[in-house]
Amino acid sequence: MIAIRNLKKSFQRQEVLKGLNFEVPEGKITGIVGRSGCGKTVLLKHIIGLMKPDSGECLIAGEDITRVNGNRLNEIRKKFGMLFQTAALLDSMNVFENVAFPLREKTRLPDAEIRERTLTELKNVGIVGMEEKYPSQLSGGMRKRVGLARALIMNPEIVLFDEPTTGLDPIMKKAIHQLIFETQRRVGCTAVVVSHDIPEVFEILDYIIMLHDGNVVEKGEPEQLQKSDNPIVQQFIKGELEGPIRIT
Ligand SMILES: Nc1ncnc2c1ncn2[C@@H]1O[C@H](COP(=O)(O)OP(=O)(O)O)[C@@H](O)[C@H]1O
Ligand SMILES: [Mg+2]
Numbered sequence: 000m001i002a003i004r005n006l007k008k009s010f011q012r013q014e015v016l017k018g019l020n021f022e023v024p025e026g027k028i029t030g031i032v033g034r035s036g037c038g039k040t041v042l043l044k045h046i047i048g049l050m051k052p053d054s055g056e057c058l059i060a061g062e063d064i065t066r067v068n069g070n071r072l073n074e075i076r077k078k079f080g081m082l083f084q085t086a087a088l089l090d091s092m093n094v095f096e097n098v099a100f101p102l103r104e105k106t107r108l109p110d111a112e113i114r115e116r117t118l119t120e121l122k123n124v125g126i127v128g129m130e131e132k133y134p135s136q137l138s139g140g141m142r143k144r145v146g147l148a149r150a151l152i153m154n155p156e157i158v159l160f161d162e163p164t165t166g167l168d169p170i171m172k173k174a175i176h177q178l179i180f181e182t183q184r185r186v187g188c189t190a191v192v193v194s195h196d197i198p199e200v201f202e203i204l205d206y207i208i209m210l211h212d213g214n215v216v217e218k219g220e221p222e223q224l225q226k227s228d229n230p231i232v233q234q235f236i237k238g239e240l241e242g243p244i245r246i247t
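Heads up: the sequence shown at position 216 corresponds to 215 in numbering that gives the first Met the number 0, and the numbers run straight through without jumps.
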C-alpha cells in the first residue's frame, strides 16, 4: 500500500532523512519508532504529500505522491485519515460538528445521513451523548477519540497516527492503543502509528520500522525487533543510557 524508495530530505544543512527504503504492509498496523527529532513526523508529511523530498519516491497504491500536485494530490489524499498529536479539533465547533465537518465539506449527503454516519462513528470510538460538548470540555483521552472518529468518517484506506498517546496517563495510553487496534481490525485499513511508547505499543503492532540517524536501522515483526542483535535497537527498546546512541 505504501512503499518508500530512497527518500531523502534535508533542511538547510541538516540531513533528516538520508535515503529511507521500506514498505508498509496492507491491512495491518505498522509502527514507526525512533527517538524524538529523528524525522518521524517529517516522514509522515511526505507520505501524505504535505512535504516534497529532495529525492526519492513515496508510492501510495503504486502512485508516487511526491510527483503530483493539485487535483490529483487531493484525490490521493482522500485515501488518508490522520490523527495528529494534538487531535487538531476545532475549538469553536462541538463534538458532533467536528466529526461531521469532512462530510459537510467534501460530500453532498443529506443532513439525516450525515447525522447518522457521525453518530455511528462516534459510537464506534466509545462516545455517546457528548455530541453537544466542546473540545475544551473534554479530557485528553476523549479528544483523541473524537479526533479518531473524524479521521475515520470518510472511510479512509490508510490511517496515520502521529504519537496518538502523547500526554496521556498510562491507563489512557493503553485504552487508546486498544482503540487503535480494535478500529484497525474492524475497518481493515492500513494503519501507521508513529510512537515512542516502547515497548507498550509493540502489543498492537504487526510490523515495526525503526529509524535512527536518518536511516532505517531495523524492520520486522515485534518479536524480530526484540531479538535484534543491533545494539542501537536494543538500547532504544530498553531505554538505556549506556550504548551506541549518544544522548544529546
Ligand atoms: N519545516 C521544517 N523546517 C526545518 N526543520 C524542520 C522542519 N520540520 C522538521 N524539521 C527538523 O527535522 C527534524 C525531525 O523532525 P520531526 O520529524 O518533527 O521529528 P520527530 O521524529 O520527533 O517527529 C528535527 O530536527 C526538526 O527540527
Ligand atoms: Mg513528531
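From the three backbone atoms N, C-alpha and C, an ideal C-beta is built for every residue, glycine too.
DSSP beta-bridge partners of residue i
i    : result
R3   : The sequence as given places Ile at residue 3; Arg does not occur at that position. DSSP output for I3 lists F21, C57 as bridge partner(s).
I31  : V193, I208
Q13  : F10
D308 : Lying outside 0 to 247, the shown extent of the chain, residue 308 is not represented and no answer is given.
Heavy atom of ligand 2 within 8 angstroms of residue i beta-carbon
i    : result
D212 : no
K39  : yes
Q13  : no
V193 : yes
D196 : no
Q84  : yes
Pick from the options that is closest to residue i, judged by C-alpha positions
i    : options                : result
I231 : E222, V215, T106       : V215
M153 : K39, P198, E74         : E74
K251 : D228, H211, L159, F235 : There is no way to answer for residue 251, as the model of the chain reaches only from 0 to 247.
Q84  : T164, I197, I175, I179 : T164
R76  : A148, K218, I1         : I1
I197 : R114, F235, R103       : F235
A190 : G30, A148, L118, Q13   : G30
G80  : I203, N68, S91, V98    : V98
P221 : Q233, K237, F201, D161 : F201
N93  : G146, E56, E62, L58    : G146
Hey, which unbroken runs of the beta strand (DSSP E) at 3 residues or more fall wholly within the region 142 to 187? 157 to 161
Ordered list of beta strand (DSSP E) runs contained in the region 199 to 239, each at least 3 residues: 206 to 211, 214 to 219
May I ask you to verify whether the region 38 to 46 touches the region 142 to 152, counting CB pairs closer than 8 angstroms and requiring at least 3? no
So, does the region 181 to 189 touch the region 103 to 114, judging by three or more C-beta pairs under 8 angstroms? no
Using 8 angstroms as the threshold, is the region 9 to 24 in touch with the region 171 to 181, meaning 3 or more CB pairs across them? no
Given 8 angstroms, three or more beta-carbon pairs between the region 51 to 58 and the region 202 to 221: no
Could you name each continuous alpha helix (DSSP H) segment of 4 residues or more that falls completely within the region 65 to 97, going from the start of the chain to the end? 69 to 76
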